[in-house]
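Peer 1:
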Amino acid sequence: MHNSPSCIGAAESGGKGIRIPAPFEVRGIRPPHLEQRLGYPRFTQRSIRRFHIGRLWRSGVDRKLISKWQGHCDGGKLIIDTYTEVLRDDDITYEQQQFAKLQRAA
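Going by the numbering used here, the first residue of the sequence shown is number 1, and it counts up by one from there.
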């Protein structure tokens, strides 16, 4: 079975699948000031995407897989150039984990 978002739940629903709209289909339907009403800081579709890619990257998911899941065809170059360029303060732990891998390998 293909693992695209539009096929999620197909096995559970007798093969019919649950259709989840693509991101471009949901753009602009969010109620105004939704974040404020929920008590969240302002966010956009782009910020959610950036957050998700960053989480995948820091969790150790291969850049080629992240790239494929995001619909890129460049083997991860855009992921590396765009989403991993800035290391924040909370990435120090991630850096330490990566260095620990080198020490274990030696």
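Ideal Cβ positions, reconstructed from N, Cα and C, are used throughout, including at glycine.
Note that this is a predicted model, so its numbers are computed, not measured.
Starting from Gly75, follow the alpha helix (DSSP H) in both directions and report where the run begins and ends.
Peer 2: Reading the sequence shown from its first residue, position 75 is the one you call residue 75. Counting along the chain, Gly75 falls outside any alpha helix (DSSP H), and DSSP gives it neither H nor E.
Peer 1: So what does DSSP say about Phe43, is it helix, strand or coil?
Peer 2: The residue you call residue 43 lines up with position 43 of the sequence shown. Looking at Phe43 - three-state DSSP - the assignment turns out to be coil, as it is neither helix nor strand.
Peer 1: If we count the other Cβ atoms within 10 Å of its Cβ and call it buried at 16 or more, is Tyr83 buried or exposed?
Peer 2: Within the sequence shown, the letter at position 83 stands for residue 83. Buried, since its Cβ has 16 or more Cβ neighbours within 10 Å.
Peer 1: Quick one: what does DSSP say His33 is sitting in, helix, strand or coil?
Peer 2: The residue given as residue 33 occupies position 33 in the sequence shown. Three-state DSSP puts His33 in coil, outside helix and strand.
Peer 1: In whole angstroms, give me the CA-to-CA distance for Arg42 and Ala105.
Peer 2: As a first step, residue 42 must be located in the sequence shown, where it is residue number 42. As a first step, residue 105 must be located in the sequence shown, where it is residue number 105. Each residue's alpha carbon lies about 42 Å from the other.
Peer 1: Would you call the segment 64–73 in contact with the segment 33–40, where contact means no fewer than 3 C-beta pairs closer than 8 Å?
Peer 2: Verdict: no, contact absent.
Peer 1: Using the C-alpha atoms, what's the distance from Thr93 back to Gly60?
Peer 2: As a first step, residue 60 must be located in the sequence shown, where it is residue number 60. As a first step, residue 93 must be located in the sequence shown, where it is residue number 93. Looking at the two C-alpha atoms, the distance is approximately 13 Å.
Peer 1: Checking 8 Å against the spacing of the C-beta atoms, do Arg63 and Gly54 come in under that value?
Peer 2: Translated into positions along the sequence shown, residue 63 becomes position 63. Translated into positions along the sequence shown, residue 54 becomes position 54. No, the pair does not count as a contact, with Cβ atoms beyond the cut-off.
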